[in-house]
Amino acid sequence: MSTPIKHLSVRDLVDDRETFVANLYEGLTDCGFVVLRDHGIAKADLDKAYELIKAFFALPVETKLKYDSGSGGARGYTAFGRENAAGNPHSDLKEFWHIGQELDPSSPYAGVYQPNHWPEELPEFKAHMLSIYAQLEALGKSMLAALTAPLGLAPDFFEDMANDGNSVYRLLHYPAVAEMDTSQSMRAAPHADINLITLLLGATDSGLELLGKDGEWIPVTSTSDEIVLDTGDMMSRLTNNVFPSTVHRVVNPAVQNTSRYSMPFFLHPHSAARLDCLPQCVGEGGAKYAPISAGEFLQQRLREIGLVSD
Numbered sequence: 001m002s003t004p005i006k007h008l009s010v011r012d013l014v015d016d017r018e019t020f021v022a023n024l025y026e027g028l029t030d031c032g033f034v035v036l037r038d039h040g041i042a043k044a045d046l047d048k049a050y051e052l053i054k055a056f057f058a059l060p061v062e063t064k065l066k067y068d069s070g071s072g073g074a075r076g077y078t079a080f081g082r083e084n085a086a087g088n089p090h091s092d093l094k095e096f097w098h099i100g101q102e103l104d105p106s107s108p109y110a111g112v113y114q115p116n117h118w119p120e121e122l123p124e125f126k127a128h129m130l131s132i133y134a135q136l137e138a139l140g141k142s143m144l145a146a147l148t149a150p151l152g153l154a155p156d157f158f159e160d161m162a163n164d165g166n167s168v169y170r171l172l173h174y175p176a177v178a179e180m181d182t183s184q185s186m187r188a189a190p191h192a193d194i195n196l197i198t199l200l201l202g203a204t205d206s207g208l209e210l211l212g213k214d215g216e217w218i219p220v221t222s223t224s225d226e227i228v229l230d231t232g233d234m235m236s237r238l239t240n241n242v243f244p245s246t247v248h249r250v251v252n253p254a255v256q257n258t259s260r261y262s263m264p265f266f267l268h269p270h271s272a273a274r275l276d277c278l279p280q281c282v283g284e285g286g287a288k289y290a291p292i293s294a295g296e297f298l299q300q301r302l303r304e305i306g307l308v309s310d
């Protein structure tokens, strides 16, 4: 029997930090997922973001394709059927838009990360989405900072990794599937996230499930004003599996004529950051992963999911 996913109030990060940190650590070590409430991002801002992404994905295909950067899905639009889970030959039933850092020209990564694209058809899009991006990045960094104490790390360890990080705000549309062949594809086939942590804003429909330790799929339930946090492959490597990168999926809906919109924020370190297993997480069994940089690992994983080619 899998342990229920912990639901935590971010207010306790200030009001009762010790208890919050203990619960966050326990929840993530157990199943790699927790649900956050009282996160401070206004519901009106999130509602506006969903209005904007629905408006974008409703545009004609030829209009959306103007914003396909052709750069491995790093920024701008990625069309339906382009991405698949690692090891799965069948494409996921989704299209999406990526937003990354808006870096100062003096940043060493200003010429490394792809530039953002902005749809001229939606004049409010850029300012509003960058505001949500900044709020999610700040929330993510506060969660990482909370994990430094139980891991025996300096308080600024993750801050140093995440500054100028290659973090991505993904705006997802899973179209209605009534007229599609869904016998071999699903909205998102079983996969693990690439990054350090993911913050998933409340989706417009259910369907998210995680794979429990007993091999059973567990629905991840959250309200529209809650955020699901999960740990990804980079965090798993760094902590030598202290924090698992849990496999999850988005199943096709029971009612086939409904779309689903979702807004995950993938918090990445900067590309030069090392993902070598932390000494304090390596026991008698030794390190489970070979040394690698975040940038190298990202490219490796993007090849596996079909967004870049060799």
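For reference, each letter of the sequence shown is one residue, going 1 to 310 in the numbering used here.
Yeah, the Cβ is synthetic: ideal placement off N, Cα and C, and Gly gets one too.
Here the structure is a predicted model, which means the values were calculated and not measured.
What is the DSSP secondary structure of PRO244, reduced to helix, strand or coil? Locating residue 244 in the sequence shown gives position 244, where the first residue counts as 1. It is coil, neither helix nor strand.
Counting only the same chain and skipping the five closest in sequence on each side, list residues whose C-beta sits under 7 angstroms from that of LEU130. Against the sequence shown, residue 130 aligns to sequence position 130. GLU102, listed in sequence order.
Would VAL251 pass as a contact of GLY207 if the rule is Cβ separation under 9 angstroms? Here residue 251 corresponds to residue number 251 of the sequence shown, with the count starting at 1. Here residue 207 corresponds to residue number 207 of the sequence shown, with the count starting at 1. The answer is yes: Cβ separation under 9 angstroms.
One question on the structure: do ILE197 and GLU209 come within less than 9 angstroms of each other, judged by their Cβ atoms? For the purposes of this step, residue 197 is identified with residue 197 of the sequence shown, where counting begins at 1. For the purposes of this step, residue 209 is identified with residue 209 of the sequence shown, where counting begins at 1. Here ILE197 is not near GLU209, since their CB atoms are 9 angstroms or more apart.
Output the boundary residues of the alpha helix (DSSP H) element that contains LYS6. As a working mapping, residue 6 is identified with position 6 in the sequence shown. Secondary structure note for LYS6: it is in no alpha helix (DSSP H), and the uninterrupted beta strand (DSSP E) holding it is 6-9.
Taking HIS173 as the reference, give the member of ASP38, LEU24 and ALA58 with the closest Cα. If you number the sequence shown from 1, residue 173 lands on position 173. Considering only alpha carbons, the answer is ALA58.
Top-ranked residue by Cα proximity to LEU144, from ASP276, PRO4 and HIS268: Position 144 of the sequence shown, counting from 1, holds the residue named residue 144. Selected option, being the one with the closest Cα: HIS268.
When the distance is taken between beta carbons, is ASP230 closer than 9 angstroms to LEU200? For the purposes of this step, residue 200 is taken as residue 200 along the sequence shown, with counting starting at 1. For the purposes of this step, residue 230 is taken as residue 230 along the sequence shown, with counting starting at 1. Against a cut-off of 9 angstroms, the Cβ pair of ASP230 and LEU200 comes out as a contact.
Three Cβ pairs or more, each shorter than 8 angstroms: is that satisfied between the stretch 127-142 and the stretch 28-45? In this structure the stretch 127-142 lies against the stretch 28-45, because at least three pairs of beta carbons, one per stretch, are closer than 8 angstroms.
Measuring alpha carbon to alpha carbon, tell me which residue in ASP12, GLY27 and VAL61 is nearest PHE20. Translated into positions along the sequence shown, residue 20 becomes position 20. The closest CA to that of PHE20, considering only ASP12, GLY27 and VAL61, is found on ASP12.
Return the bridge partner residues of SER293 from the DSSP annotation. The residue labelled residue 293 in the question sits at position 293 within the sequence shown. SER293 pairs with ARG274.
Of the choices TRP118, PRO264 and PHE125, whose alpha-carbon is the least far from that of LEU65? Looking up residue 65 in the sequence shown gives position 65. Cα-wise, what sits closest to LEU65 is TRP118.
Spatial distance of GLU312 from GLN280 (CA atoms): Within the shown structure, residues of the chain are numbered from 1 to 310, placing residue 312 beyond reach of any answer.
Considering PHE56, what are the terminal residues of the beta strand (DSSP E) in which it resides? Along the sequence shown, read from residue 1 onward, the residue named residue 56 stands at position 56. Unbroken run through PHE56 is the alpha helix (DSSP H), 43-57; no beta strand (DSSP E).
Taking all protein chains shown into account, decide if ALA134 is buried (16 or more other Cβ within 10 angstroms of its Cβ) or exposed. Working through the sequence shown from its first residue, we reach residue 134 at position 134. With a threshold of 16 other beta carbon atoms within 10 Å, ALA134 falls short and is exposed.
Just how far apart, CA to CA, sit GLU296 and SER271? By 1-based counting over the sequence shown, the position of residue 296 is 296. By 1-based counting over the sequence shown, the position of residue 271 is 271. When only Cα atoms are considered, GLU296 and SER271 end up about 8 angstroms apart.
Can you give the Cα-Cα distance for GLU226 and VAL112, rounded to whole angstroms? The count along the sequence shown starts at 1 and reaches residue 226 at position 226. The count along the sequence shown starts at 1 and reaches residue 112 at position 112. Each residue's alpha carbon lies about 33 angstroms from the other.
By DSSP, does TYR109 sit in helix, in strand, or in coil? Residue numbering aside, residue 109 sits at position 109 when the sequence shown is read from its first letter. Looking at TYR109 - three-state DSSP - the assignment turns out to be coil, as it is neither helix nor strand.
Return the CA-CA distance between SER69 and ASN195, expressed in angstroms with no decimal places. The residue given as residue 69 occupies position 69 in the sequence shown. The residue given as residue 195 occupies position 195 in the sequence shown. Each residue's CA atom was taken as its position, placing SER69 and ASN195 some 21 angstroms apart.
So, at 6 angstroms on beta carbons, what are the nonlocal neighbours of VAL282 in its own chain, with the 5 sequence-adjacent residues on each side left out? The count along the sequence shown starts at 1 and reaches residue 282 at position 282. Answer for VAL282: ASN240, listed in chain order.
Close-in-space but distant-in-sequence residues of the same chain around ASP164 (CB under 7 angstroms, 5 per side omitted): Locating residue 164 in the sequence shown gives position 164, where the first residue counts as 1. Only GLN101, LEU103, SER107, TYR109 and HIS270 meet the Cβ criterion.
When we look at the beta-carbon of LYS94 and count the other beta-carbons within 10 Å, is it buried (16 or more) or exposed? Counting from 1 along the sequence shown, the entry for residue 94 is found at position 94. By the Cβ-count criterion, LYS94 is buried, with 16 or more other Cβ atoms from all chains shown falling within 10 Å of its own Cβ.
CA-CA distance, MET1 and GLY215? Taking the sequence shown and counting its residues from 1, the one referred to as residue 1 is at position 1. Taking the sequence shown and counting its residues from 1, the one referred to as residue 215 is at position 215. Bear in mind that the predicted position of MET1 carries a pLDDT of just 46, short of 50, making it unreliable; the figure below should be weighed with that in mind. For MET1 and GLY215, the distance between alpha carbons rounds to 10 angstroms.
What's the C-alpha gap between LEU28 and LEU238? Within the sequence shown, the letter at position 28 stands for residue 28. Within the sequence shown, the letter at position 238 stands for residue 238. LEU28 and LEU238: Cα-Cα distance of roughly 14 angstroms.
Excluding the 5 residues flanking ALA287 on each side, which residues of the same chain have their C-beta closer than 8 angstroms to its C-beta? Counting from 1 along the sequence shown, the entry for residue 287 is found at position 287. Cβ within range, chain order: ASN240, ASP276 and CYS277.
Starting from the C-beta of VAL247, find all residues in its chain whose C-beta is less than 6 angstroms away, skip the five residues before and the five after it, and write them out in chain order. The residue labelled residue 247 in the question sits at position 247 within the sequence shown. Excluding positions up to five away in sequence, the list reads PRO190, ALA192 and LEU211.
Going by alpha carbons, who is nearest to ARG260 out of ARG303, ARG187, LEU151 and VAL61? What you label residue 260 is simply residue 260 of the sequence shown in a count that begins at 1. Per the Cα distances, ARG187.
Can you list, in chain order, the residues of its chain with a C-beta nearer than 6 angstroms to that of ILE132? Leave out the 5 residues immediately preceding and following it. Looking up residue 132 in the sequence shown gives position 132. Once the five neighbours on either side are set aside, the close Cβ partners of ILE132 are ALA49.
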